[in-house]
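Trainee: What follows is a single structure, and I will ask about it in a moment.
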Amino acid sequence: MRLRTILREAPKELLKFLEENNVKTSEDFVFSSIEGLYQTLPPGLLSFADFEGLRDRVVKHLASEGTSGDTINAASILSTNSGMAQSRTFTNVTGHCELDVLLAAVTPGLIELAGGNDAEKTLLALNIALACLEYDSESLVYWIDTTGTFSADQALSILGKRLLAKTAQHGLSPESVLARLRVSLAFDLDSASTALEEIKHVHSDLWPRLVVIDSITSLLSSSLSSVTSQGHALMTIFMRSLQDVAANYSLIVLVLNKAASTQPPHSSPSVFAATKLKPALGPTFSFLTDTTLWLSRGADVLNIQAPNSRGHGSSLANTRGGDAAEELLIAEVLRSRSSTSRAWWPIVVKDGVLQERKAPRAYETDLMEADPQTQ
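Residue numbers for the sequence shown follow UniProt numbering, so the first one is 1 and each next one is one higher.
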C-alpha cells in the first residue's frame with residue numbers, strides 16, 4: 001500500500017523525501033533499516049522517537065487482527081446456514097429481468113464484467129450494488145477500489161434518484177443505505193486480500209451480499225508476463241480465494257475487467273461483428289470466473305438507435321420521458337457455467353440510473369430480432 005495512504009498526517013517534507021529515495025510503499029518502509037533510513041533524513045526534520053512511531057503505525061496497519069474462537073464459530077454458523085442463504089438470492093433485485101436471472105443463477109459465484117473504457121461498467125456495477133442495499137436492509141456490499149476513482153458523490157446522486165419514488169413506501173433514506181456500503185482502497189493483491197478479511201468480522205445482524213472489485217485489471221496486469229508463470233500463479237491463487245469467499249458466504253463477487261484489442265487471426269468472442277475487443281488478462285482468466293458478461297454501447301455494435309436520439313455514432317441520448325439522457329448498453333454473456341452463453345439483451349441507463357425491464361420496449365424488439373453478425 002502507498003505510504004501516503006497510511007501516513008496521511010505525517011510531515012509532507014518527510015513523505016516527499018522518502019519518495020525521492022524510492023521508499024514509496026508500506027513494504028519499502030517496513031523492510032528498510034530504520035536506523036539507516038533515519039540517518040539519511042535532513043537534520044531536524046523529526047526526532048528518532050517520532051520516526052519509530054511512524055514505523056509502528058505502519059506495522060500496526062499491515063498486521064492482521066487476532067481472531068477469537070467464538071468469532072470463528074460464529075462465522076462458521078453464518079456460512080453454513082443454508083436456509084438464510086436461500087432467502088438472500090438475487091430474485092428481482094435490480095428490476096431488470098434478464099440481469100436478475102443471471103445474478104440468481106450465479107449465486108454464489110464470480111462474475112466478470114468486462115468491456116471497453118466507455119462501456120459504463122462501473123456505473124452498472126454501482127447500480128447493482130445500490131439495488132442490493134435497497135432490496136435487503138440487512139445486507140452489506142463491499143466495494144474494493146483499486147484505482148482510487150470511486151466517487152461517493154456519484155453514489156449519493158444515483159441513490160437519491162433511485163429512492164425518489166420508493167422513500168414514501170419503504171422508509172428508506174440515502175444515509176441508511178450508504179451506511180452499509182463498505183469502500184476500501186487496494187492498490188495491490190496484499191491490500192485487496194486484507195480488505196476481503198473484513199468480511200470475516202461482519203456483525204451477526206448484517207449479511208455480506210456482494211463484493212465489487214473495480215477493477216481487477218489494475219491488480220493483476222502488472223504481474224502477468226509472457227516469460228514467467230509467476231504472475232499467472234498469483235492470479236490463480238487470488239481468484240480461488242474469491243471463489244472461497246463467494247462459496248462460504250453465499251454471495252456474488254463482481255470483478256470489473258478492461259478490454260484488449262484482438263489481433264488476426266484471432267477474433268473477438270462477441271457475437272457482434274463490429275466488436276474488435278476482448279476481455280483483458282488473457283484466456284486463463286476467463287476460466288477463473290463463473291460467468292463473463294461483456295458490456296458494449298449500443299451505438300458501437302448496432303445500427304439501430306433508440307427513437308428520438310440526439311446525434312449519432314456513440315451518442316444514444318434521447319428525450320423520451322423528460323430531459324434526462326438515456327444510454328443504451330448491450331450486455332452479452334460470453335461464457336457461463338450456470339446460464340445460457342452467447343445470449344445478449346439491452347440495458348437502458350437513464351440519467352445514471354438502471355431502468356427496470358419487465359418486457360422489451362418497441363425499439364428493443366427490433367434490436368433482438370436483428371442479426372448481430374450483419375451489424
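Ideal Cβ placement from N, Cα and C applies to all residues, glycine included.
Who are the Cβ neighbours of Ser339 in its own chain at under 8 Å, not counting the five residues just before and after it?
Mentor: Exclusion of the five residues before and after Ser339 leaves Val101, Leu102, Ala105, Val106, Thr291 and Val333 as the residues of its chain whose Cβ lies within less than 8 Å of its Cβ.
Trainee: I need the DSSP call for Asp290, collapsed to helix, strand or coil.
Mentor: coil
Trainee: Please report the residue range of the alpha helix (DSSP H) in which Pro174 lies.
Mentor: Residues Pro174 to Leu178.
Trainee: What residue does the beta strand (DSSP E) around Leu110 start on, and which one ends it?
Mentor: Leu110 -> beta strand (DSSP E) spans Gly109 to Gly115.
Trainee: In the DSSP assignment, find the beta strand (DSSP E) that holds Arg2 and state where it starts and stops.
Mentor: Per DSSP, Arg2 belongs to no beta strand (DSSP E) and is neither H nor E.
Trainee: In chain order, which continuous runs of the beta strand (DSSP E) of length 3 or greater are located wholly inside the stretch 118-174?
Mentor: Listed in chain order, the complete beta strand (DSSP E) runs (minimum 3 residues) inside the stretch 118-174 are 139-145.
Trainee: Pull up the distance between the alpha-carbon of Asp300 and that of Lys350, whole angstroms please.
Mentor: 18 Å
Trainee: Please confirm whether Arg8 and Ser26 have their CB atoms less than 9 Å apart.
Mentor: Their beta carbons are not under 9 Å apart, which means Arg8 does not touch Ser26 by this criterion.
Trainee: So, do the stretch 138-156 and the stretch 279-291 have three or more beta carbon pairs nearer to each other than 8 Å?
Mentor: no
Trainee: Do Phe285 and Glu112 have their C-beta atoms closer together than 9 Å?
Mentor: Inclusion of Phe285 and Glu112 in the CB contact set at 9 Å is warranted, their separation being smaller than that value.
Trainee: If you follow the alpha helix (DSSP H) that Glu35 is in, where does it begin and where does it stop?
Mentor: Ile34 to Gln39
Trainee: Assign Pro346 to one of two classes, buried (16 or more other C-beta atoms within 10 Å of its C-beta) or exposed (fewer than that).
Mentor: It is buried - the Cβ of Pro346 has at least 16 other Cβ atoms within 10 Å.
Trainee: Taking Cβ positions, are Thr108 and Ala195 nearer each other than 9 Å?
Mentor: The identity of residue 108 in the sequence shown is Pro, whereas the question assumes Thr. Going by C-beta atoms, Pro108 is not nearer than 9 Å to Ala195.
Trainee: Do the CB positions of Leu242 and Thr262 come within less than 9 Å of each other?
Mentor: no
Trainee: Can you say whether Glu120 is buried or exposed, counting buried as having 16 or more other CB atoms within 10 angstroms of its CB?
Mentor: buried
Trainee: If I follow the unbroken alpha helix (DSSP H) through Glu197, where does it start and stop?
Mentor: Leu189 to Glu197
Trainee: Buried or exposed for Glu356, please, with buried defined as at least 16 other CB atoms from any protein chain shown within 10 angstroms of its CB.
Mentor: exposed
Trainee: Could you compute how far the alpha carbon of Phe272 sits from the alpha carbon of Leu295?
Mentor: 12 Å
Trainee: Note down the Cα distance separating Ala125 from Ile144, rounded to an integer number of angstroms.
Mentor: 12 Å
Trainee: What first and last residue would you give for the beta strand (DSSP E) that runs through Lys278?
Mentor: Leu277 to Pro279
Trainee: Mind checking which residues open and close the alpha helix (DSSP H) that includes Asp300?
Mentor: Gly298 to Val301
Trainee: Helix or strand or just coil, what does DSSP make of Ala331?
Mentor: Strand at Ala331.
Trainee: Taking 9 Å as the cut-off, decide whether the C-beta atoms of Ile216 and Thr149 are in contact.
Mentor: no
Trainee: Just confirm the distance between the C-beta atoms of Asn257 and Ala114, as a whole number of angstroms; I'd bet it's less than 8 Å.
Mentor: 4 Å
Trainee: Alpha carbon to alpha carbon, how far is Pro11 from Leu163? Give it in angstroms, no decimals.
Mentor: 43 Å
Trainee: Please report the straight-line C-alpha distance between Lys200 and Val245, rounded to a whole angstrom.
Mentor: 9 Å
Trainee: Would DSSP call Ala246 helix, strand or coil?
Mentor: helix
Trainee: With DSSP run on the structure shown, which of helix, strand or coil describes residue 376?
Mentor: Residue 376 is absent from the model: the chain starts at 1 and stops at 375.
Trainee: Out of Ser221, Cys132 and Asn92, which has the shortest C-alpha to C-alpha gap to Asp188?
Mentor: Ser221
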